[in-house]
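In full-length UniProt numbering, the protein residues as written are 1 to 163. Read the structure below first, then the notes.
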């Protein structure tokens with residue numbers, strides 16, 4: 001039951017993910033409609049209901065988009081929990097591409113995940129000065145891309161709404 005359900009707004013834009021239980025409650029209270037079903041059923045004592053994969057809210061909900069919060073965990077998620085210099089998954093830290101000592105800021109485009117060994121080898125230099133290459137340039141994730149990362153395994157029917 002740890003499967004996620006994609007929640008669409010009234011205009012069919014993806015807004016969040018929720019649990020199957022929360023999606024079922026929204027469906028049962030007629031606050032949402034089922035767009036796509038997933039394999040399996042939800043059973044009560046007397047009835048069986050299809051398990052939702054995508055639901056759409058009946059009414060449009062104005063969601064003020066503040067962006068994805070810049071946090072340690074979200075940076076690790078964006079970088080797939082691996083060092084962006086060597087690919088290691090051990091002793092991960094955050095590294096500033098342009099060091100703070102040289103005026104680098106803490107932003108999505110200047111922070112990346114690095115193992116302790118690579119971070120120490122880089123020191124207060126830029127990756128080019130330290131002879132390191134970045135596997136994937138750091139950038140701010142989009143909401144749709146971040147929902148894909150947060151879901152883990154995603155249903156094939158989600159692709160049309162997350163592109």
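All C-beta atoms, glycine included, are put in the ideal place defined by N, C-alpha and C. All figures in this text were calculated on a predicted structure; none of them were measured in a lab.
Q: State the DSSP-derived secondary structure class of residue 32, mapped to helix, strand or coil.
A: strand
Q) Which same chain residues, not among the five before or five after residue 127, have their C-beta less than 8 Å away from its C-beta? A) 85, 97, 133 and 134
Q) If we ignore side chains and look at the alpha-carbon of each, how far apart do residue 67 and residue 36 end up? A) The straight-line gap from Cα to Cα measures roughly 27 Å.
Q.
Tell me the rounded alpha-carbon separation between residue 120 and residue 73.
A. 21 Å
Q: Leaving out five residues on either side along the sequence, give the residues of the same chain with a beta carbon under 7 Å from the beta carbon of residue 26.
A: Answer for residue 26: 32 and 55, listed in chain order.
Q.
Let's see if you can read the secondary structure: which residues bound the alpha helix (DSSP H) around residue 118?
A. 116–122
**Q.** Cβ-based burial, residue 4 [other Cβ within 10 Å; buried from 16]
**A.** buried
Q. What are the partner residues of residue 48, as DSSP defines its beta bridges?
A. 43
**Q.** As assigned by DSSP and simplified to three states, the class of residue 26
**A.** helix
Q.
Against chain D, with Cβ distances strictly below 8 Å, would residue 11 count as a contact?
A. Here there is only one protein chain, and chain D is not present.
Q.
For a test of the three-state rule: what should DSSP assign to residue 113, helix, strand or coil?
A. strand
Q) What whole-angstrom Cβ distance do residue 75 and residue 7 have, given they're in contact under 8 Å? A) Not confirmed; about 25 Å, so no contact.
Q: Throw me the rounded Cβ distance for the residue 50 and residue 23 pair, which I believe falls under 8 Å.
A: Not really, about 11 Å apart at Cβ, beyond 8 Å.
Q: Reducing DSSP to helix, strand and coil, say where residue 75 ends up.
A: Correct three-state label for residue 75: helix.
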